[in-house]
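Peer 1: Line by line, the protein sequences are chains A and B. Each residue of the first sequence is one higher than the last, beginning at 267 in my numbering. Each residue of the second sequence is one higher than the last, beginning at 267 in my numbering.
Number of protein chains: 2
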Amino acid sequence: MSNIYLGVIGVGGVGTAFLNQLARLPNAPKLILLARSTQTLLAPTPAYSPAIPAGDWKAAAESPSLTKSGALSPEEIASYLSSAPGRSILVDNTSDPALASSYPVFLRKGISIVTPNKKGFSSDLSLWKEIFAAAAEGKALVYHESTVGAGLPVISTLRDLVATGDEVTRIEGVFSGTLSFLFNNFAPVSGASNAKWSEVVAQAKELGYTEPDPRDDLNGMDVARKLTILARIAGLEVQGPDAFPIESLIPAELAALPSTADGITQFMTELPKFDEQMAAIKEGAEKQGKVVRYVGSVDVAKKEVRVGLQQFDKDSAIAGLKGSDNIISFYTKRYGSPLIVQGAGAGGDVTAMGVTADLIKVIQRLG
Amino acid sequence: MSNIYLGVIGVGGVGTAFLNQLARLPNAPKLILLARSTQTLLAPTPAYSPAIPAGDWKAAAESPSLTKSGALSPEEIASYLSSAPGRSILVDNTSDPALASSYPVFLRKGISIVTPNKKGFSSDLSLWKEIFAAAAEGKALVYHESTVGAGLPVISTLRDLVATGDEVTRIEGVFSGTLSFLFNNFAPVSGASNAKWSEVVAQAKELGYTEPDPRDDLNGMDVARKLTILARIAGLEVQGPDAFPIESLIPAELAALPSTADGITQFMTELPKFDEQMAAIKEGAEKQGKVVRYVGSVDVAKKEVRVGLQQFDKDSAIAGLKGSDNIISFYTKRYGSPLIVQGAGAGGDVTAMGVTADLIKVIQRLG
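#1: Within 10 angstroms of its Cβ, does R290 (chain A) collect 16 or more other Cβ (buried), or is it exposed?
#2: Helix, strand or coil: how does DSSP classify A637 (chain B) here?
#3: CA-CA distance, S442 (chain B) and D432 (chain A)?
#4: Touching or not, the region 476-487 of chain B and the region 621-630 of chain B, by the rule of three or more beta carbon pairs under 8 angstroms?
#5: Closer than 8 angstroms, CB to CB, is Q305 (chain B) near chain A or not?
#6: Tell me whether Y597 (chain A) counts as near the ligand GDP, meaning its Cβ is closer than 7 angstroms to at least one heavy atom of that ligand.
#7: Could you tell me the boundaries of the beta strand (DSSP E) in which E477 (chain A) lies?
#8: Closer than 8 angstroms, Cβ to Cβ, to anything on chain B: give me those residues from the region 411-438 of chain A, in chain order.
#9: Could you check whether the Cβ of S603 (chain B) sits closer than 8 angstroms to any Cβ belonging to chain A?
#10: Using a Cβ-Cβ cut-off of 8 angstroms (strictly less than) and excluding sequence neighbours within five positions of E403 (chain A), which residues of its own chain qualify?
#11: Give me the Cα-Cα distance between F387 (chain B) and S361 (chain B), rounded to the nearest whole angstrom.
#12: Can you name, in chain order, every residue of its own chain whose Cβ lies under 6 angstroms from the Cβ of D390 (chain B), other than the five neighbours on each side?
#13: Unbroken beta strand (DSSP E) runs of length 3 or more, entirely within the region 282-348 of chain A: which are they?
#14: Using DSSP with H/G/I as helix, E/B as strand and the rest coil, what is E433 (chain A)?
#15: Using a Cβ cut-off of 8 angstroms (strictly closer), state whether T311 (chain B) contacts chain A.
#16: In this structure, does DSSP put I516 (chain B) in helix, strand or coil?
#17: For a contact defined as C-beta to C-beta under 7 angstroms, what are the partners of K588 (chain B) on chain A?
#18: Looking at chain A, is there any beta carbon in it that lies within less than 8 angstroms of the beta carbon of R353 (chain B)?
#19: Classify A470 (chain B) as buried or exposed, calling it buried when 16 or more other Cβ atoms lie within 10 Å of its own Cβ.
#20: Check whether the Cβ atoms of V274 (chain B) and L299 (chain B) lie closer than 8 angstroms to each other.
#21: Is DSSP giving F441 (chain B) helix, strand or coil here?
#22: Less than 8 angstroms separating the beta-carbons of S412 (chain A) and G613 (chain A)?
#23: Helix or strand or just coil, what does DSSP make of A406 (chain B)?
#24: Could you compute how far the alpha carbon of A518 (chain A) sits from the alpha carbon of F533 (chain A)?
#25: DSSP beta-bridge partners for N592 (chain A)?
#26: Taking only the alpha-carbon atoms, compute the straight-line gap between K324 (chain B) and K334 (chain B) and give it to the nearest angstrom.
#27: To the nearest angstrom, how far is it from the Cα of R302 (chain A) to the Cα of I547 (chain A)?
#28: Suppose you measure from the CA of T444 (chain B) to the CA of L632 (chain B); what does that come to, to the nearest Å?
#29: Could you check which residue in B:T311, B:F596 and B:A522 has the C-alpha nearest to that of N485 (chain B)?
#30: Using the Cα positions of K296 (chain A) and G336 (chain A), report the straight-line distance between them to the nearest angstrom.
#31: Does the beta carbon of Q608 (chain A) come closer than 8 angstroms to any beta carbon on chain B?
#32: For V571 (chain B), tell me which candidate among B:P312, B:S354, B:L496 and B:G279 has the shortest Cα-Cα distance.
#33: V557 (chain A) touches chain D at which residues, Cβ-Cβ below 7 angstroms?
#34: If the criterion is Cβ atoms closer than 8 angstroms, does the pair V566 (chain A) and L605 (chain A) meet it?
#35: Hey, G611 (chain B) and D591 (chain B) are a contact pair by Cβ (cut 8 angstroms); roughly how many whole angstroms apart?
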């Protein structure tokens, strides 16, 4: 294991949590590159030593024994890592689409990829194919558990089902912690909430459960990206996250507001005008004895992917979800009742946990 | 991958399902040994070729090109496998404690183990320690996902949580498909069942959901073995499945009946005498607005393992379980709400799926 080298990009919430986990990992690979948006810290060539201390990189950034540089291009990073005296792994803790589109460059050079970044796996189908072809070519590995459900065992479970010859017929679930929180509070199973939709959104925003612009959650695009990934693993050739219907929860009238601070404020101010629409949806479900939830589903046989509102029986697992939990149900030929995975599907620590667990598996396979 | 050799022991329900999955696996390792209780089929030495066709082993058993033998000792099997011209893996699809106690012999010779057999991991703590020490010594791997929850991702999830530095505080769940079925039908959340306990047991026996002797389910020992395994992975030094309290559902008066056909018949005949006792337990829970379930739990901080009856709120995930499903909840420091895995935890196909998925991982690591 000591002969494995690690480059890490991103020191945001997930990146910081990951570095803390890495620092405590026994037999951790040598951290030789750590990149932030404008700065890159490197172990000096040609020895690729000393390594960067993962738990203490901020202090180490001041040390003269490390090399400092501005932002490097993916090609420069790939070239640096592939010249290290051993196998190397890139951990991409960003959500950068440009970096994701460069994965094939890394993989062809034999650099394995571990990442929670959805962009590489949920954009054009051609990129997905190129990534796995490049991995085969470079005998490199690609692990991306945290792209769906954070650290929950979703990708690995689906891959195991497929690899062992089970037939996955349907996948259904709540894939967004934010939308889970919104609907669990707006339309609880007990029916006890009189909360208005705009109030629940404002509360979620205040608690930091939404993106800075809540429309980035409400547009359903994040859920659509996750469904794209799962559908592809299940064998569907989904062209991209815009190749199937996505029900946006952004009122059409407010979609064009800019993503500036002013635009966001105006969005939140005008959202109450649409409370009646959402109340009608909630009451419609209530009249059927059901609750409304924002879900994603893949029907493998029908080759159908859908993202949007749906009604659920109050005693169903999806209706009973609490807090901001995710739930993912796999319906397969072998499993009479669905195989269900449930729990926190967002947050720095649990997302980083998925990344670290993937890293351990890659190390074991390269080791 | 083509240089990996496989020995398989056991052709019962799980063994047969596994061989069917193996037959469809792309790049499967070469099956060079297949052992039943009294007969062993081998690829002839010294070439270890031709291999045994996994999907068609019954017909192949008649072929003169394979070597036939009576039952071989674990030492003989280990010696045969370790002389193969590549890395080898033993898949133990039995529930044989004697074979399990020989795992160290295989591992020290560099033969990896994949198995759903609980015995090696849930008997004396000394055997557990010896197994993992032998694996380290022989640079061999041990995968046993299907020892808990069959193909459900239970062992792998717990190992990932521990390996990435999370602190598992508590594990709780329904670990027996049989006991799940019994209580979901005896005390459903709807309260609608007037079924007597003995009737539900008889029905489960008829449907093939119990062991031939239902007392092998009702004694709680199978659940205790699973809890022993989970507790050990979570870091507790549990001496064995008899080192903590197990609430047996076998009336003391009927425990001594022999395990013969006559004894089993007598057990089933006398069980109705105890229906009132079970009805009282059910009603006691009902009075609290709860339902009774047979669960296992590990409290890591208190170093406590328990197996037995417990009352649950009707809207809890455990109470809501259906059919013969298992549910396992991991409470950890990182996960605010528990990480839950749920689904079929018994049956040939799904147990074999866990074995096959493990085999793929071992091949990837050896490859």
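All C-beta atoms, glycine included, are put in the ideal place defined by N, C-alpha and C.
Peer 2: By the coordinates alone:
#1: Looking at its Cβ environment, which holds fewer than 16 other Cβ atoms inside 10 Å, R290 (chain A) is exposed.
#2: No information on residue 637 (chain B) is available, as it lies outside the stretch 267 to 633 that chain B covers here.
#3: Taking the straight line joining both Cα atoms gives about 23 angstroms.
#4: When C-beta atoms of the region 476-487 of chain B are compared with those of the region 621-630 of chain B, fewer than three pairs fall below 8 angstroms, so the two segments do not count as touching.
#5: No, Q305 (chain B) lies away from the interface with chain A (no Cβ there is under 8 angstroms from its Cβ).
#6: The model on display carries no ligand, and the ligand GDP is accordingly not part of it.
#7: Counting along the chain, E477 (chain A) falls outside any beta strand (DSSP E), and DSSP gives it neither H nor E.
#8: Cβ contacts with chain B: G417, L418, P419, S422, T423, D426, L427, A429, T430, G431 and D432.
#9: Yes, S603 (chain B) lies at the interface with chain A (some Cβ there is under 8 angstroms from its Cβ).
#10: Result list for E403 (chain A): L373 and R374, in chain order.
#11: Going by the C-alpha atoms only, they are around 12 angstroms apart.
#12: Answer for D390 (chain B): G506, listed in chain order.
#13: For the region 282-348 of chain A, whole beta strand (DSSP E) runs of length 3 or above, ordered along the chain, are 296-301, 305-308 and 333-336.
#14: In the three-state DSSP reduction, E433 (chain A) falls in the coil class, being neither helix nor strand.
#15: No, T311 (chain B) does not count as interfacial toward chain A.
#16: The answer is coil: DSSP assigns I516 (chain B) none of H, G, I, E or B.
#17: Going along chain A in sequence order, the residues near K588 (chain B) (Cβ under 7 angstroms) are S603.
#18: For R353 (chain B), no Cβ of chain A is located within less than 8 angstroms of the residue's own Cβ.
#19: A470 (chain B) should be labelled buried.
#20: Their beta carbons are under 8 angstroms apart, which means V274 (chain B) touches L299 (chain B) by this criterion.
#21: Judged by DSSP in its simplified three-state form, F441 (chain B) adopts coil rather than helix or strand.
#22: By the CB criterion at 8 angstroms, S412 (chain A) and G613 (chain A) fall outside the cutoff.
#23: DSSP, reduced to helix, strand and coil, places A406 (chain B) outside both helices and strands of the structure shown, so it counts as coil.
#24: Their Cα atoms are separated by approximately 11 angstroms.
#25: Partner(s): A:G609.
#26: For K324 (chain B) and K334 (chain B), the distance between alpha carbons rounds to 12 angstroms.
#27: CA-to-CA, the gap between R302 (chain A) and I547 (chain A) works out to about 44 angstroms.
#28: Distance between the alpha carbons of T444 (chain B) and L632 (chain B): 37 angstroms.
#29: Nearest to N485 (chain B) by C-alpha distance, out of B:T311, B:F596 and B:A522, is B:A522.
#30: Looking at the two C-alpha atoms, the distance is approximately 21 angstroms.
#31: So, interface residue.
#32: Comparing C-alpha distances from V571 (chain B) to each of B:P312, B:S354, B:L496 and B:G279 shows the shortest one belongs to B:L496.
#33: Protein chains in the displayed structure are A and B, and chain D is not among them.
#34: Cβ distance not < 8 angstroms, so V566 (chain A) and L605 (chain A) don't count as in contact.
#35: Confirmed, about 7 angstroms.
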